[in-house]
Every structure is written in C-alpha cells, then in structure tokens.
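Residue numbers (the working numbering): 121 to 645.
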C-alpha cells in the first residue's frame, strides 16, 4: 500500500547512514531517478551522478552546509538527468537529520517529490504570462497614444478581452480534450482537441448546458463540482484527489464511430477573489492503454490455462508410461508363462486351464490399452453443457433398466462424461451381483450446489473400500473404471464419493458446484 501511495503521489523516500555512507532508496525513488533496484550499491558518493551537472555543486553544498551549520531540516529544488534518454526531470527534496543521544548526526532521511509535470506547466504558464505581460504593456502604450480618442473604460475592456483571448488560446491548444463551463453549467470553452474527439465544432457547443459526449442530460463528472448534492446518477466510479479534483475512467460506445475508454478529470475554477466561477474538464483517450491491459490479462489467462493443460498432460503421460511399462508387461509375462505351460502340458484339461489364463491376460491387456486411449483424450476437448438424460441413454443402452429422474438437468463437464456413466453401469453389472435396476436423480443443496446420484439395488460396497475403489488398479479387473470416472469429473470441479449402505446397494454421489449445472424451475427429487 505504501509503494502504491508513493507511486500515485510521485513521492519517493531515502535514508542515508552518515557513518557508513550507505544510501537506501524506496521503489518510487528508484523510479524517479530512472534506476533499477539492486543494479549497484547506492552511496552518497554515487548519488550525484543522477543530478543535472549544473545542479550538482549546489545540491552537494546545501547538504554539507546543513551538517556544518547544524541545521535539522532543509528543502531544495533541483534537476535530474536520465543518462539513457537525456530527459531532464524536476524534483523537490526535503532532508531531515537524525541525531544520537550525544547530539551527533547519524542519519539523514528525506523525501523526493517528482514535480516535473507541475514545473513544465509552471514554465509554460510563465512563458504565456510573459507574452500576456508584453501584450499588456503594448496595450498600455497603445492606450496612452489613443487616450484622446478612447476613454479609460474602453481601454480596460480591450485589455480584458485580449487577456481572455490569450487564455482561450492556451486552452485551445492544450493536447487533451478540454471544456470549461460556468456556474450555471453552460459551456464557455471547447478546445480543438475536444472538437476532434467528438466531431462537434465549438460554435455549436458554446452556451449549451448538455454535453453530448456523456449522452445528454444525465449526470456527468463536472456535476461533482457544480451540484455535489444533487447529482448522484454517475455512470462510473469516481476518485477524489485533494478534495476538489475528481477523476474517473469510463467506457463509451460509438463515440465518433468508435468504442473508447476515456480518463476524465475535473477541477473548479476560481476568480482572483477566490470565488468559484465554473469548472474545467479534461478528457484523455486511453483506449490503446486499456486495450493493451486487457490483452495482457488475456495472455496471462491463456498462459495459465496452457500451464494447467501441460500439468495435466504430464500427469497423464507419467501414468500411461507406468501402465505401459509395468501393468502390460506383467500381463504379457503371465501370457507367455501360460503359453510355455501349454506347450509342455499333455492333459487337455490343463491346456484348457492355461488357455483360460491366457485369455484373461489378453483381455486385461486390451482393457489397459483402451484405458490409455481414453485417458490420453481426457481434457483435450473443451467442456460443454450436457443433458444427463441423454448421457445416461447413450452410456448404457444395453445395461440394466434405469429409472431416470434427472429431467432437464444439464451439467457442464468434459465430453467424456458419457464414458464416465458407461463405466458406472459397467461397475454395477460387474460388482453389483444381485443388482436388477439403476436409479438416477439429483438433489439441490442449501449451499447452491447440486448432488447427482447414481444408485443400484445390488450388494453395495464394504465400508473399508469406499475410497479405495477410486484408486487406479484397485479391484478384481483392471481397476481403471472408477479411477477414470473421478478424473473425468474433476476437470470441471465435480467430485464423486460412494455413500451407500453395504448389502443394500451402491450409491455414487457426484457433487456439482454452483454455476456448473442448469435445472428447470420445478423442485428436484
């Protein structure tokens, strides 16, 4: 938060250990001096290299004299020069000395305020002021020459008009779109930049009280100054700067044929006696910057997705490598061993038994290869909305009778969801023993989540195996079915557990997070 505050205020800080010469800068100080933290050890002796050559002597002398004279505090304005670009920056430095118990100065600390924009504006205003002053003197001379023809009032009016014209010229040539309104909200200045931005000429806007840039008569940012208690329907979030300056960022559609993002800043205008006479609004088109930020965010999000996909791919490759090199080789060993026994056997009954073992091994190898194919496809395609009734019908056309109570329920899941339900039916038929039917239904939870239930009337799952059945390789067959189901569901955050009572049937509950399902307005079962 401190770094953000320093950055917004263009205010850096530093600390000098007078005993060691070690100089410590804040991040904003590094930014102001155009240095990179850690690029070199900062000491007082290295500090002057960042100061403008014409200011180094006075900066050094001011600091050393404050030590000699025993001053506890001083301020100084000076220039910096950036070695890579030659750009000159203006700063104000405030220094305070800290003493130990004996009164000796042991530390110096200070603040560095980047006032470049203010200084450049001040110099520009000074130049304009000098022009105005010269014009004023010229008018005064003209007034003296024409005193016989014009009275004093006419001369003053011309002087005021000339000053107003020059002030209008200054506003007119500002690079940012700028408008000025009086206390009643009528436009009294509309510069060239805002003409270009809106396509509306100055002649059509002067004296108007509705600014089409903001969409007509609704509240606009400048109302924060003119009508702070009456205007509340602002179409954007507003930040307050120094209590009187207001700033906001707004997206406008079809402005001059484009969709744009604008940064708007307004501040009050006062006369020489301190009375508010209106307000000025400055508008800057930051569309390119905003688009770049959004592009960066998209790239970061895509990079994150690619990283996650790579992690999933690595996991699958590792698992498939394990299956290929271990499980399949084990079954081949069994197959070849029984083949050797067949060659040596003389009894037909023994041969049949060995052939049966070989057939089982070959079948298991086929299942393992089929699993590697399915697992390699997992997560490759984009998840999609799928109606559970259609998935159930497609997954188990030749299985046990199904009481489908899912209605129009749709779930956002991997396209292999059909395979997950096919494996559930396969599990029921292989291990359910006495199972004669399957029931599919769902429950809406108070948390907003949904529980999708697959249950049968078979033998059920023993309590000590309820979690083991989801591990790869567990069980009498390949041990891949329930493992693959959990992997498919987890892609979109769906979890699965077995909660049935042993000997009363298996019950698989799939927990679907809020936002990952769609249900009709009728109540769930």
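Glycine included, C-beta positions come from ideal geometry on N, C-alpha and C.
Name, in chain order, the residues that DSSP records as bridge partners for residue 388.
Locating residue 388 in the chain shown gives position 268, counting from the first residue. Bridge partners of residue 388 according to DSSP: 399.
Might you give, ordered along the chain, the residues of its own chain that have their beta carbon closer than 6 Å to the beta carbon of residue 186, omitting 5 neighbours on each side?
Counting from one through the chain shown, the residue named residue 186 turns up at place 66. Cβ within range, chain order: 194.
From residue 303 to residue 372, what distance separates their C-alpha atoms?
Against the chain shown, residue 303 aligns to sequence position 183. Against the chain shown, residue 372 aligns to sequence position 252. So the two alpha carbons sit approximately 26 Å from each other.
Taking buried to mean at least 16 other C-beta atoms within 10 Å of its own C-beta, is residue 209 buried or exposed?
One-based indexing of the chain shown puts residue 209 at position 89. That one is buried.
Near residue 381, which residues of its chain fall below 7 Å by C-beta distance, leaving aside the five closest residues on each side in sequence?
Translated into the one-based positions of the chain shown, residue 381 becomes position 261. Result list for residue 381: 369, 371, 406, 407, 410, in chain order.
Measure the Cβ-Cβ separation of residue 516 and residue 522 and say whether it is below 8 Å.
Taking the chain shown and counting its residues from 1, one reaches residue 516 at position 396. Taking the chain shown and counting its residues from 1, one reaches residue 522 at position 402. The answer is yes: Cβ separation under 8 Å.
Touching or not, the segment 388-401 and the segment 290-303, by the rule of three or more beta carbon pairs under 8 Å?
yes
How about residue 568 and residue 622: are their beta carbons less than 8 Å apart?
Working through the chain shown from its first residue, we reach residue 568 at position 448. Working through the chain shown from its first residue, we reach residue 622 at position 502. Contact flag unset, no.
Beta-carbon proximity list for residue 296, same chain, < 7 Å, skipping 5 on both sides
On the chain shown, position 176 is the one that residue 296 refers to. Once the five neighbours on either side are set aside, the close Cβ partners of residue 296 are 313, 402, 403, 404.
For the candidate residues 249, 200, 634, 534, whose alpha-carbon lies nearest to that of residue 504?
Taking the first residue of the chain shown as position 1, residue 504 is located at position 384. Selected option, being the one with the closest Cα: 534.
Taking the alpha helix (DSSP H) that residue 631 falls in, what are its first and last residues?
Counting from 1 along the chain shown, the entry for residue 631 is found at position 511. No alpha helix (DSSP H) contains residue 631, which is instead part of the beta strand (DSSP E) from 627-632.
Work out the CA separation of residue 307 and residue 337 for me, nearest whole Å.
The residue you call residue 337 lines up with position 217 of the chain shown. The residue you call residue 307 lines up with position 187 of the chain shown. Reliability of the predicted coordinates at residue 337 is poor, the pLDDT of 45 falling under 50, and no value is obtained from them.
For residue 236, which residues in the same chain have their Cβ closer than 7 Å to its Cβ, ignoring the five residues on either side in sequence?
Locating residue 236 in the chain shown gives position 116, counting from the first residue. Only 209, 210 meet the Cβ criterion.
From the DSSP output, which residues share a beta bridge with residue 328?
Numbered from 1 along the chain shown, position 208 holds the residue referred to as residue 328. In the DSSP output, where bridge partners are listed per residue, residue 328 has none listed.
Express the C-alpha separation of residue 256 and residue 264 in angstroms, rounding to a whole number.
Against the chain shown, residue 264 aligns to sequence position 144. Against the chain shown, residue 256 aligns to sequence position 136. Approximately 12 Å, taken between the alpha carbons.
Beta-bridge pairing of residue 530 - partner residues as DSSP gives them
Along the chain shown, read from residue 1 onward, the residue named residue 530 stands at position 410. Answer is 507, 638, bridged to residue 530.
For residue 613, the residue or residues it bridges with in DSSP:
Here residue 613 is taken as the residue at index 493 of the chain shown, counted from 1. Within the DSSP secondary-structure output, residue 613 pairs in no beta bridge.
Three or more C-beta pairs under 8 Å: does that hold for the segment 630-637 against the segment 524-532?
With the cut-off at 8 Å, the segment 630-637 and the segment 524-532 touch.
Provide the residue span of the beta strand (DSSP E) that contains residue 197, from first to last.
Walking along the chain shown from the start, residue 197 turns up at place 77. First-last of the beta strand (DSSP E) with residue 197: 193-201.
Cβ-Cβ separation, residue 608 to residue 65 (assumed contact under 8 Å), whole Å:
With the chain running from 121 to 645 in the structure shown, residue 65 is simply not present.
What residue from 536, 604, 578, 173 has the CA that sits closest to residue 590's CA?
Residue numbering aside, residue 590 sits at position 470 when the chain shown is read from its first letter. Closest option to residue 590, Cα to Cα, is 604.
Kindly examine the ligand ADP and report whether one of its heavy atoms sits closer than 7 Å to the Cβ of residue 515.
With respect to small molecules bound, the structure shown includes none, and the ligand ADP cannot be examined in it.
Going straight from the alpha carbon of residue 512 to that of residue 619, what length do you get?
The residue labelled residue 512 in the question sits at position 392 within the chain shown. The residue labelled residue 619 in the question sits at position 499 within the chain shown. If you take the alpha carbons of residue 512 and residue 619, they lie about 20 Å apart.
State buried or exposed for residue 171, treating a residue as buried only when at least 16 other CB atoms are found within 10 Å of its CB.
Working through the chain shown from its first residue, we reach residue 171 at position 51. Classification for residue 171: buried.
On the criterion of 16 or more Cβ atoms from any shown chain inside 10 Å, does residue 592 qualify as buried, or is it exposed?
For this step, residue 592 is matched to residue 472 along the chain shown. So residue 592 counts as buried.
Quick check on residue 293: buried or exposed, where buried means 16 or more other Cβ atoms within 10 Å of its Cβ?
Along the chain shown, one-based indexing puts residue 293 at 173. Exposed, because fewer than 16 other Cβ atoms sit within 10 Å of the Cβ of residue 293.
Between residue 616 and residue 627, is the Cβ-Cβ spacing less than 8 Å?
What you label residue 616 is simply residue 496 of the chain shown in a count that begins at 1. What you label residue 627 is simply residue 507 of the chain shown in a count that begins at 1. Not closer than 8 Å, so no.
Option nearest residue 613 by Cα separation, candidates 213, 379, 570
Taking the first residue of the chain shown as position 1, residue 613 is located at position 493. Nearest of 213, 379, 570 to residue 613, Cα basis: 570.
Any idea what DSSP makes of residue 514, helix, strand or coil?
For the purposes of this step, residue 514 is taken as residue 394 along the chain shown, with counting starting at 1. Here residue 514 sits in helix by DSSP.
Starting from residue 247, follow its DSSP beta bridges and name the residues at the other end.
Counting from one through the chain shown, the residue named residue 247 turns up at place 127. None, per the DSSP bridge assignment.
Exposure label - residue 204; buried when at least 16 CB within 10 Å
What you label residue 204 is simply residue 84 of the chain shown in a count that begins at 1. Result: exposed.
Kindly list the residues whose CB is nearer than 6 Å to the CB of residue 197, restricted to its own chain and excluding five residues on each side of it in sequence; keep chain order.
Stepping through the chain shown from its first residue, residue 197 is reached at position 77. Here the set comprises 212.
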